[in-house]
Amino acid sequence: MSKVLVLGAGISGHTAALYLKKILGKKHDVIVVSPNSNYQWVPSNIWVGVGLMEPNEVKFKLAPVYKKQGIIYKQALAKSIHPEGGGETDKPFVKISYVEEAKQGEEEVVEFDYLVNGTGPALNFAGTPGLGPDLFTNSVCTYDHAAHSWKNLEVSLTKMENGEHQTFLIGTGHPMATCQGAAFEYALNIAFEVDKRNLSHLADIIWITNEYELGDFGMGGAYIKRGGYITPTKVFTESVLAEYGIRWIKRAGVQKVEEGKAFYELLDGTYHEQEFDFAMLIPGFTGSKMKAFDKADNDITDKIFVPNGMMRVDADYTPKPYEEWKASDWPEIYQSPEYDFMYASGIAFAPPHTMSKPMKSANGTPITPTPPRTGMPSGVIGKVVAQNISYRIKTGKKDHPHKASMTKQAAACIVSAGYGFTKGQAATMTVSPIVPDWEKYPKYGRDINATVGVIGLAGHWMKLFMHYMFIYKAKAKFGWSIIPE
Amino acid sequence: MANIQERLQNKPYAEYAYATRPSKMTLFWRRCLIKQIYMFFKLNLKIMIMVVKGHS
Ligand SMILES: Cc1cc2nc3c(=O)[nH]c(=O)nc-3n(C[C@H](O)[C@H](O)[C@H](O)COP(=O)(O)OP(=O)(O)OC[C@H]3O[C@@H](n4cnc5c(N)ncnc54)[C@H](O)[C@@H]3O)c2cc1C
Chain G
0 MSKVLVLGAG ISGHTAALYL KKILGKKHDV IVVSPNSNYQ WVPSNIWVGV GLMEPNEVKF
60 KLAPVYKKQG IIYKQALAKS IHPEGGGETD KPFVKISYVE EAKQGEEEVV EFDYLVNGTG
120 PALNFAGTPG LGPDLFTNSV CTYDHAAHSW KNLEVSLTKM ENGEHQTFLI GTGHPMATCQ
180 GAAFEYALNI AFEVDKRNLS HLADIIWITN EYELGDFGMG GAYIKRGGYI TPTKVFTESV
240 LAEYGIRWIK RAGVQKVEEG KAFYELLDGT YHEQEFDFAM LIPGFTGSKM KAFDKADNDI
300 TDKIFVPNGM MRVDADYTPK PYEEWKASDW PEIYQSPEYD FMYASGIAFA PPHTMSKPMK
360 SANGTPITPT PPRTGMPSGV IGKVVAQNIS YRIKTGKKDH PHKASMTKQA AACIVSAGYG
420 FTKGQAATMT VSPIVPDWEK YPKYGRDINA TVGVIGLAGH WMKLFMHYMF IYKAKAKFGW
480 SIIPE
Chain V
0 MANIQERLQN KPYAEYAYAT RPSKMTLFWR RCLIKQIYMF FKLNLKIMIM VVKGHS
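Protein sequences, first through last, are from chains G and V.
If you use numbering that gives the first Met the number 0, the first sequence corresponds to residues 0 to 484, in order.
If you use numbering that gives the first Met the number 0, the second sequence corresponds to residues 0 to 55, in order.
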């Protein structure tokens, strides 16, 4: 019998756990360690952040789903990985610390044969002084952050209803933040809600971003066929913002936030301030701060993780200039190069470099989005890792028949921009592949026929349809595995 | 989005004044139920094929 330990029950880890159990069956143990007792469908947090959904609609309890599937669940935080074992045991293990009330603070050693690290991003609010829901800005990264944002947004909307002008600042809260798509979506939803209440004359909505050009989205931008032209996503994004009455500040690295004021540096080296009444700024992401130790208890964290805490996998981490980046730098199987029984999936794996061209301000501050890993690739990677581990367990072989490089995978991003069966609207964007491959597609970096950028009611229906479909799938209900990631 | 559009259009020479805007026809097609039902199926199918083709 083999033991597969999955750390994190987010989009990636949860997908991996469900597939592992489905393929491996009762003969092998699948154990999930995750601190939050709920699964959350993160993309719908945007609707929680504008009061259109309750947190309960985007989350559900994990324990009953795991019980039904025969997956062992521990509501705990993984603290350290010991791939060579330690003390009395030669078996690899992870030290966990329980967060569930009954066992709070209790530590446990969980042994494993295979490990999937799906711990996602840690939201590094501390990386920007003054940032975060405990200080001066809002966040929509989790359902409770989003619910808190809605409370504050309601205050602004009430003030506007009483004739007060409000400035909304939405975007990236760190010079190297990613997840522009989510912030962009939130900005559009705020504009929609403001306009719905006929208050737009009292609102100044500002999009602040670390992108070199709008529409970069941390993936170096894209080209789309539109209106008889091949247009860059810059044109598409500027058009959407202008349509929604949102002005923008680009090439901006937010350095610090005080009450009602954000301080930022531009790529040209100049420093500026922007006042606001309501701000939602995405923090920088780091890995989940786990440590790693060898058999003799020496700290090997640097071997397993890159400095920001994301896990090293089968990528080429050799530093090289932008002009020399290749598709083959990106990982295919997400396996640790040090310990071949450990894998990282979703945001937890360390990318070899950014996708956007690295930029530094005149003062030497890097102002570049880090690479996004959206829900779709996170789910696909979770599945592929599960399939490969199951294959290894069942056959005893060491090869990996399943691959999911981000230079081959496509991604779809549906940016909702209004809610309602006939009034809703969303921008649907697809890119293939996610990471531009200038060798294979010398003209546009990607397959121009697969790349889409359209706006309309259909996008809204799709976003809503996906909300219900992916929650159904995550609950492992009848036929879940035939629903694609 | 009529109110908002007007608000920004009134500021010539601002960066956003150079952005393309949807015409009335474009806005109509975005809400036209027949076209949008067709787009719903077309886009879903396209995305599904992309997901399946993107990994082995
Ligand atoms: C507001 C918002 C909107 C978005 N919209 C979209 C969208 O429309 N489309 C799209 O494709 N993507 C979207 N994304 C991105 C998408 O949500 C992420 O790509 C996805 O959640 C990443 O999955 P993951 O499993 O890697 O990480 P997560 O979903 O963050 O899961 C990580 C899990 O690990 C757990 N964990 C953390 N530390 C530990 C530890 N030490 N031990 C054990 N467990 C731990 C966490 O509690 C969590 O359960 C959006 C993101 C945000 C924030």
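Note that CB positions come from ideal geometry on N, CA and C, so glycine has one too.
- prompt: Could one say the Cβ of K472/G lies closer than 8 Å to chain V's Cβ atoms, at least one of them?
  reply: Answer no: the Cβ-Cβ gap between K472/G and chain V never drops below 8 Å.
- prompt: chain V partners of G455/G, CB-CB under 8 Å?
  reply: Identification of chain V residues near G455/G by a Cβ-Cβ cut-off of 8 Å yields W28, R29, R30, K34, Q35, M38, ordered along the chain.
task: Look at A503/G and M375/G and say whether their C-beta atoms are less than 8 Å apart.
output: Residue 503/G is absent from the model: chain G starts at 0 and stops at 484.
query: From the beta carbon of K23/V, is the nearest beta carbon of chain A less than 8 Å away?
result: In the structure shown, chain A cannot be found, because the protein chains are G and V.
field: N497/G - containing beta strand (DSSP E), residue span
entry: Here chain G has residues from 0 to 484 only, and residue 497/G is not among them.
field: Three CB pairs or more closer than 8 Å across the segment 400-416 of chain G and the segment 380-387 of chain G
entry: Touching, per the Cβ criterion.
task: May I ask you to list the residues that DSSP assigns as paired with C412/G?
output: Within the DSSP secondary-structure output, C412/G pairs in a beta bridge with M428/G.
Close-in-space but distant-in-sequence residues of the same chain around T14/G (CB under 6 Å, 5 per side omitted): Answer for T14/G: G378, G381, K382, listed in chain order.
- request: Counting only runs of 4+ residues fully inside the segment 13-52 of chain G, write out the alpha helix (DSSP H) ranges in chain order.
  value: The qualifying runs are 44-47.
task: Output yes if chain V places a C-beta closer than 8 Å to the C-beta of W40/G; else output no.
output: Among the residues facing chain V, W40/G is not included, as its CB has no counterpart in that chain under 8 Å away.
query: Under three-state DSSP, which class holds W206/G?
result: Looking at W206/G - three-state DSSP - the assignment turns out to be strand.
query: Going straight from the alpha carbon of R29/V to that of K396/G, what length do you get?
result: Answer to the nearest angstrom: the Cα atoms are 52 Å apart.
- request: Measure from the C-beta of H401/G to each C-beta in chain V and report whether the shortest distance is under 8 Å.
  value: Closer than 8 Å: yes.
message: For N55/G and Y142/G, I'd like the C-alpha separation in whole angstroms.
response: For N55/G and Y142/G, the distance between alpha carbons rounds to 9 Å.
- prompt: Who are the Cβ neighbours of E184/G in its own chain at under 8 Å, not counting the five residues just before and after it?
  reply: Excluding positions up to five away in sequence, the list reads I45, V414, S415, A416.
Of the listed residues E274/G, I10/G, S287/G, I189/G, nearest to L240/G (C-alpha basis): Nearest option by C-alpha distance: I189/G.
- prompt: To which residues of the same chain is Q39/G closer than 6 Å at the C-beta, ignoring the five residues directly before and after it?
  reply: Closer than 6 Å at Cβ, skipping near neighbours: V57, K58, Y142.
field: Range of the contiguous alpha helix (DSSP H) that encloses Q254/G
entry: From DSSP, Q254/G is part of no alpha helix (DSSP H) but of the beta strand (DSSP E) over 251-257.
message: For a cutoff of 8 Å on Cβ pairs, would you count W329/G as touching chain V?
response: No, W329/G lies away from the interface with chain V (no Cβ there is under 8 Å from its Cβ).
field: Identity of the residue in H352/G, D339/G, W206/G, P350/G nearest I281/G by Cα
entry: Minimum Cα distance to I281/G is reached at W206/G.
query: Can you name, in chain order, every residue of its own chain whose Cβ lies under 7 Å from the Cβ of P441/G, other than the five neighbours on each side?
result: So the list is empty, once near-sequence residues are dropped.
query: Mind pulling the chain V residues with CB within less than 7 Å of Q408/G?
result: Those within 7 Å of Q408/G in chain V are G53, H54.
- prompt: When you compare only the Cα positions, how much space is there between E100/G and A457/G?
  reply: A direct Cα-to-Cα measurement between E100/G and A457/G gives close to 44 Å.
message: For a test of the three-state rule: what should DSSP assign to D133/G, helix, strand or coil?
response: Secondary structure of D133/G (DSSP, three-state): coil.
- request: Using a Cβ cut-off of 7 Å, pull out every chain V residue sitting near A241/G, in sequence order please.
  value: Within 7 Å Cβ-Cβ: L7, Y15, A18, R20.
- prompt: Using the rule of at least 16 other Cβ atoms within 10 Å of the residue's Cβ for burial, across every protein chain shown, is A13/V buried or exposed?
  reply: Taking every protein chain shown into account, the CB of A13/V has fewer than 16 other CB atoms within 10 angstroms, so this residue is exposed.
Partner residues on chain V for S431/G, Cβ-Cβ distance less than 8 Å: In chain order: M49, G53.
query: Is M428/G closer than 8 Å to G452/G when the C-beta atoms are compared?
result: Taking 8 Å as the cut-off, the beta carbon of G452/G is found closer than this to the beta carbon of M428/G.
message: Restricting to Cα atoms, I'd like to know which of L23/G, I71/G, G48/G, P42/G is closest to G7/G.
response: That would be I71/G, whose Cα lies nearest to the Cα of G7/G.
query: Say the cut is 7 Å; is the CB of V32/G nearer than that to a heavy atom of ligand 2?
result: In the structure on display, ligand 2 does not appear, and the ligands it does have are ligand 1.
message: For M468/G and Y211/G, I'd like the C-alpha separation in whole angstroms.
response: In a straight line, the C-alpha of M468/G is about 35 Å away from that of Y211/G.
field: Pairwise C-alpha distance: M0/G and I485/G
entry: With chain G running from 0 to 484 in the structure shown, residue 485/G is simply not present.
query: Which chain V residues sit within Cβ distance under 7 Å of P483/G?
result: Listed by position along chain V, the residues whose Cβ is nearer than 7 Å to that of P483/G are M47, V50, V51.
C-beta atoms of V384/G and A409/G nearer than 8 Å: Their beta carbons are not under 8 Å apart, which means V384/G does not touch A409/G by this criterion.
- prompt: By how many angstroms is the C-alpha of L266/G removed from the C-alpha of D298/G?
  reply: Between the alpha carbons of D298/G and L266/G lies a gap of roughly 38 Å.
task: Quick one: residues in its chain with C-beta nearer than 8 Å to the C-beta of A349/G, no 5 flanking neighbours on either side, listed in chain order?
output: Same-chain partners within the cutoff: G286, F304, V305, N307, M309, M310, R311, V312, A314, Y316, A343.
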